[in-house]
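There are 2 protein chains.
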Amino acid sequence: MTPPRDALSYDRVLQAALALVDAHGLEALSMRRLGTELGVEAMSLYRHVPSKDALLDAMVDAIVQSWIDETPSTADDWRARLSAIMHRAHRALLERPWAVDLVTVRPRVGDARLRYAEAITTALLDGGFTPQLAHHGLHIVDGTIMGFTAQQARRPNAAALGDRAQALYDGALADQYPGISRTIREHHDHHEEYALMVDLVIEGLARLREGRPPHRSRSGASYVLAFS
Amino acid sequence: MTPPRDALSYDRVLQAALALVDAHGLEALSMRRLGTELGVEAMSLYRHVPSKDALLDAMVDAIVQSWIDETPSTADDWRARLSAIMHRAHRALLERPWAVDLVTVRPRVGDARLRYAEAITTALLDGGFTPQLAHHGLHIVDGTIMGFTAQQARRPNAAALGDRAQALYDGALADQYPGISRTIREHHDHHEEYALMVDLVIEGLARLREGRPPHRSRSGASYVLAFS
DNA sequence: CACTGTATGCTTACGCCGTAAACTACCCAC
DNA sequence: GTGGGTAGTTTACGGCGTAAGCATACAGTG
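Heads up: the sequence lines are chains A and B, in that order. Read in the numbering used here, the first sequence has 167 at position 167, and its numbers run on one by one without any break. Read in the numbering used here, the second sequence has 1187 at position 187, and its numbers run on one by one without any break.
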């Protein structure tokens, strides 16, 4: 017969890798373990995947692709288009927290990443941004998605925080860290907070588009210069 | 005599680790190599450092500390205080790009990280933010520093980008990625772009403080709802 | 002085990792 | 059948973090 039902293939390896990491975390992904998961020796995988690095890159691309495979119609407002991408990426990353470590740490640019960057850039260009501002805007939006979301996904849960943070929760270090102690127990929903950030970014971009001087505050003081 | 001039110590190990990584990158840091760098066997290090993980955590703390050890006077405007921290962290991270991978990926909260969070939080509280908004604000500022800066520090240089990106620069894929092709060659300075982002964030925070509805755009449409 | 406890560094070893190289078993076209 | 490609295995190398035990050298006490 044609290849037995359980023959290896690039796709089966990739899917198994995603499943393994979903189930047991990034650090559980080794070629040996991935092999046994597929009922096969580690070295067999190399018939289908050039290296572990390439496998990781493929996993990244699969994830990034999921952010844009239902991109909103180009007829929409640029704000709606950006917002949709940002929220979709955010949800996908929070569902697979391990993806954060993969996507943010590997600077490799695959096809999906290019399509993703293209979607953001054209939304900005269609929205009337100059190429210069669209360029910055891509970095701002990308940085927000990757960075802010990453911070949320990695935010240590109370359990992993250790004694010091527990003490903070209990109000023990209130004299040493009064600010944190006052705010640490505030209600806090990742999606709601991200919505805040998305709005902040989009409104900021709108401000930039309208030609407000970029690095000057309303008061006229330049924080850049004030610092450096 | 008292310990010979070149005796090991926690501090000497830590400094050597920082120096090694500065010189040869994060992936060059192994206990064996760190040992030879200090003229000592790998296992000797364990007399002074409990584990490699703890060593990495200490390195993170040393870096974060550098962001705040010249914190601006609390007499200053909250905007100036946040701006100063954000720019200082940014410069420090761009100077040691490897620190990005350490600081962002390890959710461990050391002393310096607490002081850093405290500095941001009190700046916001002193600026009249409610505890609830200060809490969100800390996450927004922290996420921007860690996230946006991280994206910049990791932005692949043209050399590491591979053929596809080179083709983009050459305008080859202009039909497939018209937006990117139009904007990819825009001038682009990390510090200037970050200043844009810092201003965007600070102005956004000011807007929040003034009670503008958080997740609603000027047009009144909710992007969150529009998406989810 | 000898004696002993402690601190420091070294040696060896274990079980992981990614993967290069050579080998076997099979299946299909001629 | 038989030669060639394909899929999976075996073995091995050099690396990793670190547990366990050993050697040395010094400090304090009698």
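Note that CB positions come from ideal geometry on N, CA and C, so glycine has one too.
Mind listing the chain B neighbours of residue i? Cutoff is C-beta to C-beta under 9 Å, in chain order.
i	result
A/Val64	The premise fails here: A/Val64 is roughly 14 Å from chain B at the closest Cβ pair, so nothing lies under 9 Å.
If we count the other Cβ atoms within 10 Å of its Cβ and call it buried at 16 or more, is residue i buried or exposed?
i	result
B/Tyr1116	buried
B/Gly1244	In the structure as shown, chain B starts at 1001 and stops at 1228, and residue 1244 of chain B therefore has no counterpart that could be examined.
B/His1087	buried
A/Ser83	buried
A/Thr144	buried
B/Thr1121	buried
B/Gly1204	buried
A/Ala35	Ala is not the amino acid found at residue 35 of chain A; the sequence shown has Gly there. By the neighbour-count rule (16 or more Cβ atoms within 10 Å), A/Gly35 is buried.
B/Arg1032	exposed
A/Ser181	buried
A/Glu210	exposed
B/Val1015	The sequence shown places Gln at residue 1015 of chain B, not Val. Classification for B/Gln1015: exposed.
B/Asp1069	exposed
B/Met1043	exposed
B/Asp1199	buried
B/Ala1134	buried
B/Tyr1169	exposed
B/Ala1054	exposed
A/Glu118	buried
B/Tyr1177	buried
B/Pro1003	With a pLDDT of 43 at B/Pro1003, under the threshold of 50, the modelled position of that residue is not reliable, and no figure is offered here.
Taking only beta-carbon positions, decide if residue i is within less than 8 Å of chain B.
i	result
A/Glu193	yes
A/Tyr177	yes
A/Leu196	yes
A/Leu8	no
Beta-carbon of residue i versus every beta-carbon of chain A: anything under 8 Å?
i	result
B/Ile1068	no
B/Ala1134	yes
B/Ala1058	no
B/Gln1015	no
B/Gly1211	no
Below 7 Å on C-beta distance, what does residue i contact in chain A?
i	result
B/Pro1131	Arg182, Thr183, Glu186
Please tell me whether, using a cut-off of 7 Å, the distance from the CB of residue i to the nearest non-hydrogen atom of the ligand GTP is below it.
i	result
B/Asp1163	The ligand content of the structure shown is nil, which means the ligand GTP is not present either.
What does residue i reach in chain A if we use C-beta pairs closer than 9 Å?
i	result
B/Leu1200	Ile140, Leu200, Val201, Glu203, Gly204, Leu205, Arg207, Leu208, Pro214
B/Arg1164	Val109, Gly110, Asp111, Leu114
What does residue i reach in chain A if we use C-beta pairs closer than 8 Å?
i	result
B/Arg1154	Thr104, Val105, Pro107
Determine the chain B residues that contact residue i at a beta-carbon separation under 8 Å, and present them in chain order.
i	result
A/His48	Per Cβ cutoff of 8 Å: no residues; A/His48 is ~21 Å from chain B at best.
Would a C-beta distance cut-off of 8 Å place residue i and residue j closer than the cut-off?
i	j	result
A/Leu102	A/His48	no
A/Gln132	B/Glu1186	yes
B/Ile1063	B/Ala1023	no
B/Val1141	B/Val1201	yes
B/Gly1147	A/Gly137	no
A/Trp78	A/Leu124	yes
B/Gln1152	B/His1190	yes
B/Val1021	B/Leu1045	no
B/Arg1155	A/Val109	no
B/Ala1092	B/Ser1066	yes
B/Thr1074	B/Asp1126	yes
A/His188	B/Glu1193	no
A/His90	A/Thr149	yes
B/Arg1106	B/Leu1056	yes
B/Thr1130	A/Thr104	no
request  = Scan the stretch 99 to 125 of chain A for residues whose Cβ lies nearer than 7 Å to a Cβ of chain B and list them as they occur along the chain.
outcome  = Asp101, Thr104, Val105, Pro107, Val109, Leu114, Ala117, Glu118, Thr121, Thr122, Leu125
ask   = Taking Cβ-Cβ distances below 8 Å as the criterion, which residues of the stretch 138 to 151 of chain A are in contact with chain B?
value = Leu138, His139, Ile140, Asp142, Gly143, Thr144, Met146, Gly147, Phe148, Thr149, Ala150, Gln151
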